[in-house]
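So the protein lines, in turn, are chains A and B.
Using my numbering, the first residue of the first sequence is number 22, and each one after it goes up by one.
Using my numbering, the first residue of the second sequence is number 22, and each one after it goes up by one.
Structure first, commentary second.
Number of protein chains: 2
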Amino acid sequence: MAKGKSLDELTDPVFYILVALVEPRHGYAIMQYVEEETEGTFKIGPATLYTIIKKLLDSGLIEAEPDSEPRRKTYVATNYGISKLEEEVERRSRMVDLATIVLQTRGRKGQ
Amino acid sequence: MAKGKSLDELTDPVFYILVALVEPRHGYAIMQYVEEETEGTFKIGPATLYTIIKKLLDSGLIEAEPDSEPRRKTYVATNYGISKLEEEVERRSRMVDLATIVLQTRGRKGQ
DNA sequence: CTCCTTTATATCCATATTTGATATATCACT
DNA sequence: AGTGATATATCAAATATGGATATAAAGGAG
Numbered sequence: 022m023a024k025g026k027s028l029d030e031l032t033d034p035v036f037y038i039l040v041a042l043v044e045p046r047h048g049y050a051i052m053q054y055v056e057e058e059t060e061g062t063f064k065i066g067p068a069t070l071y072t073i074i075k076k077l078l079d080s081g082l083i084e085a086e087p088d089s090e091p092r093r094k095t096y097v098a099t100n101y102g103i104s105k106l107e108e109e110v111e112r113r114s115r116m117v118d119l120a121t122i123v124l125q126t127r128g129r130k131g132q
Numbered sequence: 022m023a024k025g026k027s028l029d030e031l032t033d034p035v036f037y038i039l040v041a042l043v044e045p046r047h048g049y050a051i052m053q054y055v056e057e058e059t060e061g062t063f064k065i066g067p068a069t070l071y072t073i074i075k076k077l078l079d080s081g082l083i084e085a086e087p088d089s090e091p092r093r094k095t096y097v098a099t100n101y102g103i104s105k106l107e108e109e110v111e112r113r114s115r116m117v118d119l120a121t122i123v124l125q126t127r128g129r130k131g132q
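Right, dumping it as structure tokens:
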């Protein structure tokens, strides 16, 4: 049901696109969503967007959905995509926790 | 004091290497540290490691430190590197929070 | 003393990922 | 008719990553 390579880790743009597609959205709306949610700090251009959409369709993380407007293509995360996103949230959460502890431990030097 | 490009976002291996270098470590010890801390789920090979060490030295996030053993090269994060790591932890934390909220909101459909 | 494993650093090159630039077309507004 | 926003799409270049490989010294086993 998926043919991509690993998918053990999701990159930043893949992560944001999957988050956007927890609700159905078309490509352009994904770009706007990510820019708004990150207050302009993370932007996804069309090249990155459509490259990744293709990859996510191929690997079964998202699927196409019918849209009323003919010139738009709407996508949404599959159940598989949602669970992959949940895994990735946990993975990133652990990364944050590790770094937080390490940074805390530092400072109180020696002992 | 830094000549790298953006550094606005750190990739996964860069993140792990910087976390490892909150305390002084030499290259091989970084590889072992990351593998241990991630329980074998994330491995950094020599190619990735030394490529990134070079990049981090160039951009001033880490610096070399004298080591008793002559055949080892020890590195440690600079103050600049620590603050970059802190920023990145916050950035990733916000990503986790966003995804968590979005995933929570889903499920209770309509309204 | 020789073999093997671990430690340790380093690079080549192929593959994967990302992105700037560009192209096309429709729609809304003036 | 012209401009800006909407909307999808691709090319080519730049970046990033990782498997394989090379080198060498140290430590332990037999």
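Backbone N, C-alpha and C define an ideal beta-carbon position, used for all residues, glycine too.
Just so we're clear, the structure is a prediction, and the values are computed from it rather than from any experiment.
Beta carbon proximity, residue i to chain B, threshold 8 Å
i         : result
A:Ser-80  : no
A:Leu-124 : yes
A:Val-97  : no
A:Ser-104 : no
A:Met-22  : In this prediction, A:Met-22 has a pLDDT of 37, which is less than 50 and means its spatial position is unreliable; what the coordinates show is noted afterwards. No, A:Met-22 does not count as interfacial toward chain B.
A:Arg-92  : no
A:Met-116 : yes
A:Arg-113 : yes
A:Tyr-35  : This sequence places Val at residue 35 of chain A; Tyr is not what is there. Output row for A:Val-35: interface = no.
A:Glu-108 : no
Own chain, CB closer than 6 Å to residue i, minus 5 neighbours either side, in chain order
i         : result
A:Ile-65  : Pro-34, Met-52 and Val-55
B:Arg-113 : none
A:Arg-93  : His-47
8 Å Cβ cutoff, residue i in contact with chain A
i         : result
B:Thr-121 : yes
B:Leu-8   : Nothing can be reported for residue 8 of chain B, as the shown portion of chain B is limited to 22 through 132.
B:Gly-25  : Any reading at B:Gly-25 must be qualified, since the residue scores a pLDDT of 39, below 50, and its modelled position is unreliable; no value is offered.
B:Arg-127 : yes
B:Glu-86  : no
B:Val-40  : yes
Where the alpha helix (DSSP H) through residue i begins and ends
i        : result
B:Val-40 : 33-41
A:Ile-51 : 48-58
Contact under 8 Å by Cβ, residue i with residue j
i         : j        : result
B:Val-43  : B:Ala-85 : no
B:Thr-95  : B:Arg-46 : yes
B:Glu-109 : B:Phe-36 : yes
A:Leu-124 : B:Glu-58 : no
Sequence-distant residues of the same chain with beta carbon closer than 7 Å to residue i, five excluded per side
i         : result
B:Ala-41  : Ile-51, Tyr-54 and Val-55
A:Ile-73  : Pro-34, Val-35 and Ile-38
A:Arg-129 : none
Same chain, Cβ closer than 8 Å to residue i, neighbours up to 5 away in sequence not counted
i         : result
A:Val-117 : none
A:Lys-105 : Leu-28, Leu-31, Leu-39 and Leu-82
B:Thr-126 : none
B:Pro-87  : Thr-95
A:Ala-68  : none
* Entirely within the segment 69-129 of chain B and at least 3 residues each: give me those beta strand (DSSP E) ranges in chain order. => 83-86 and 95-98
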